[in-house]
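Q: For the sequence shown, the working numbering begins at 574 and goes up steadily by one.
Virtual Cβ for every residue (Gly too), placed ideally from N, Cα, C.
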Amino acid sequence: MSDGTVETIPDWRTLVARQRPPWPDEARLGEVVAGLAALPPLVTPEECDALTSDLARVAAGRAFLLQGGDCAERLDDVSVPAIERKLGLLRKMAAILGLPVVTVGRIAGQYAKPRSWPTETVDERTLPVYRGDAVNGSGFSEAERRPDPERLRRVYDASKYTVDVLRGGMFVSHEGLLLDYEEALTRRDPRTGRRYAGSGHLLWIGDRTRQLDGAHVAYFASIANPIAVKLGPTATAEHALALIDRLDPDRTPGRLTFVVRLGARRVRDLLPELVEKVNASGASVCWVSDPMHGNTFQAPSRHKTRRFEDVLAEIAGFLEVHRALGTHAGGLHVELTGEDVTECVGGGLAFEDLHRNYTSPCDPRLNTGQALELAFLVADMLR
Ligand code: PEP
Ligand code: CO
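(1) Note down, in chain order, each residue of its chain lying with its Cβ closer than 7 angstroms to the Cβ of Pro-595, except the 5 sequence neighbours on either side.
(2) Give, in chain order, every unbroken run of the beta strand (DSSP E) that is at least 3 residues long and sits entirely within the segment 823 to 863.
(3) Evaluate the contact criterion for the segment 678 to 696 versus the segment 631 to 651: three or more CB pairs, one atom per stretch, below 8 angstroms.
(4) In three-state DSSP terms, what is Phe-713?
(5) Is the segment 714 to 732 touching the segment 644 to 659, taking contact as three or more C-beta pairs under 8 angstroms?
(6) How many angstroms separate the CA atom of Leu-768 from the CA atom of Asp-762?
(7) Taking 5 angstroms as the limit, tell me which residues put their C-beta closer than that to any heavy atom of the ligand SAM, in chain order.
(8) Residues in its own chain within less than 6 angstroms of Arg-586 by CB, not counting five upstream and five downstream?
(9) For Trp-777, does the three-state DSSP call read helix, strand or coil?
(10) Is the segment 744 to 757 in contact with the segment 772 to 779, if contact means three or more CB pairs nearer than 8 angstroms?
(11) Shortest alpha-carbon distance to Glu-908 belongs to which of Ala-902, Thr-869, Leu-898?
(12) Sort Leu-922, Asp-821, Ala-788 by Cα distance to Ala-801 and report the nearest one.
(13) Counting only the same chain and skipping the five closest in sequence on each side, list residues whose C-beta sits under 8 angstroms from that of Pro-806.
(14) State the DSSP-derived secondary structure class of Gly-890, mapped to helix, strand or coil.
(15) Could you tell me how far apart the beta carbons of Leu-628 and Met-666 are, in whole angstroms, since I believe they sit closer than 8 angstroms?
(16) Bridge partners of Lys-803, per DSSP?
(17) Thinking just about the alpha-carbon of each residue, which of Asp-913, Phe-793, Pro-799, Leu-905 is nearest to the one in Glu-619?
(18) For Val-914 and Arg-938, I'd like the C-alpha separation in whole angstroms.
(19) For the beta strand (DSSP E) containing His-747, name the first residue and the last one.
(20) Go through the segment 878 to 950 residue by residue and report every complete run of the alpha helix (DSSP H) that reaches 4 residues or more, in order.
(21) In or out: Asp-696 buried (at least 16 other Cβ within 10 Å) or exposed?
(22) Check Gly-577 in the structure and name its three-state DSSP category.
(23) Beta carbon of Val-832: closer than 8 angstroms to some heavy atom of the ligand PEP?
(24) Rounded to whole angstroms, what's the CA-CA distance from Val-579 to Thr-932? Just pull it up for me.
(25) What do you reckon, is the C-beta of Pro-687 under 8 angstroms from a heavy atom of the ligand PEP?
(26) Measuring straight from C-alpha to C-alpha, what distance separates Val-738 and Leu-776?
(27) Please tell me whether Leu-700 and Leu-725 are closer than 9 angstroms, where the distance is taken between their beta carbons.
(28) Assuming Phe-881 and Gly-919 make a contact with CB atoms under 8 angstroms, what is their CB distance in whole Å?
(29) For a test of your reading of the model: does the CB of Lys-665 fall under 8 angstroms from any non-hydrogen atom of the ligand PEP? Yes or no.
(30) Suppose contacts are defined by Cβ-Cβ distances below 9 angstroms. Is Ser-847 in contact with Phe-831 by that definition?
(31) Residue range of the beta strand (DSSP E) that Gly-603 falls in?
(32) From the DSSP output, read off the bridge partner residues of Arg-679.
(33) Below 9 angstroms between beta carbons: does that hold for Val-790 and Arg-781?
(34) Roughly how many whole angstroms lie between the Cα atoms of Thr-735 and Ala-707?
(35) Quick one: Cα of Phe-637 to Cα of Ala-716, how far?
(36) What's the C-alpha gap between Val-833 and Met-954?
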């Protein structure tokens with residue numbers, strides 16, 4: 574990105590940061606963040622540039638992106654075997670897909686969640702909502718739900734440990750939601766003078782924080798990492814074009830990925846206009862399908878779940894639209910785990926199974942068997 578462009582975008586700190594937790598002690602937050610700013614970043618500019626090059630191949634139709642991991646990582650679940658199971662699962666899926674695959678974990682930093690409501694009511698008791706282990710605890714008590722800035726340091730330590738275990742095995746990514754944390758780990762590359770987020774190779778902007786006048790878009794415009802934006806059903810083609818102008822003014826191949834999560838029922842209606850107009854503008858972005866977030870519903874048992882069939886159907890629709898338009902269906906963004914959980918139905922699990930091993934504090938993930946089955950089915954669709 575040219576320096577001239579950076580100058581025209583306001584500092585993110587002067588804009589509204591949606592989803593910012595109500596930190597009860599801003600002074601303590603400032604101290605924790607200052608401590609983080611003195612620590613080494615978790616990834617290097619060279620690694621981030623290497624991912625941009627790989628994603629340029631995706632944008633050009635010569636590779637496929639497989640991005641996956643937990644909806645929300647848990648600080649207490651970080652261990653060598655658990656990390657290696659996730660890495661092993663993603664690698665197996667990549668091998669099954671049978672194309673040149675760029676593998677990116679949704680891991681080593683995926684600790685903050687955007688939420689639809691600030692509070693949650695259970696049995697007539699209302700408490701602040703759980704916002705991810707980076708912010709508060711998932712237990713339903715006053716103390717657990719109080720945002721605690723010390724958690725940001727624990728997120729750094731857990732993410733560093735994870736990156737060290739993964740080292741070299743795969744790129745890492747997370748939603749760049751907590752801008753105080755992201756800014757603290759952002760460093761200027763002495764080689765080029767460009768700023769890089771040091772918390773992960775690829776960061777994305779969620780569907781709830783992609784407003785053009787918001788702090789997230791301004792922060793992301795200021796970093797040189799490869800970045801992604803989630804586009805839900807309310808995203809218009811005009812919005813996508815404006816995001817390209819703001820986030821990828823130089824049209825750098827591999828810089829910008831659109832992760833579309835429109836729902837199995839709407840993807841065929843909504844995706845063509847987005848792809849056509851972006852294509853007509855001459856921009857080159859990676860198009861990736863998140864077939865999870867548009868297909869969430871409540872099971873009779875009240876568990877948040879997704880149907881394996883809906884996940885597949887959204888992918889099928891996504892591939893069909895690209896095939897019809899002659900554009901490249903660039904990849905998949907999925908919530909999965911290397912553990913034997915029971916969170917999504919179909920692919921071997923019924924509603925009655927959900928209670929057996931439902932451990933996600935947030936969205937339901939594909940388990941190992943479901944994820945591998947998905948890879949085989951998608952490999953067939955891609956042939
Ligand atoms: C997520 O990826 O967990 C998420 C919240 O997605 P979205 O921003 O697309 O709703
Ligand atoms: Co999720």
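A: According to the data block:
(1) Pro-720
(2) 829 to 833, 859 to 862
(3) yes
(4) coil
(5) yes
(6) For the record, residue 768 in the displayed sequence is Arg; it is not Leu. Between Arg-768 and Asp-762, the C-alpha separation is close to 6 angstroms.
(7) Here the bound small molecules are the ligand PEP and the ligand CO; the ligand SAM is not part of this structure.
(8) none
(9) strand
(10) yes
(11) Thr-869
(12) Asp-821
(13) Leu-835, Gly-836, Arg-839, Leu-843, Gly-867
(14) helix
(15) At roughly 18 angstroms, the Cβ-Cβ gap does not stay under 8 angstroms, so Leu-628 and Met-666 are not in contact.
(16) Val-832
(17) Pro-799
(18) 8 angstroms
(19) 744 to 748
(20) 881 to 898
(21) exposed
(22) Model confidence at Gly-577 stands at a pLDDT of 46, short of 50, so the residue's coordinates are unreliable and nothing is read from them.
(23) yes
(24) Low local confidence applies: a pLDDT of 49 at Val-579 is under 50, so the model's placement there is unreliable, with the coordinate-based value given in what follows. Approximately 42 angstroms between the Cα atoms of the pair.
(25) yes
(26) 20 angstroms
(27) no
(28) 3 angstroms
(29) no
(30) According to the sequence as given, residue 847 is Leu; it is not Ser. Contact: yes.
(31) Here Gly-603 belongs to no beta strand (DSSP E); instead the alpha helix (DSSP H) covers 599 to 610.
(32) Ser-746
(33) no
(34) 15 angstroms
(35) 44 angstroms
(36) 18 angstroms
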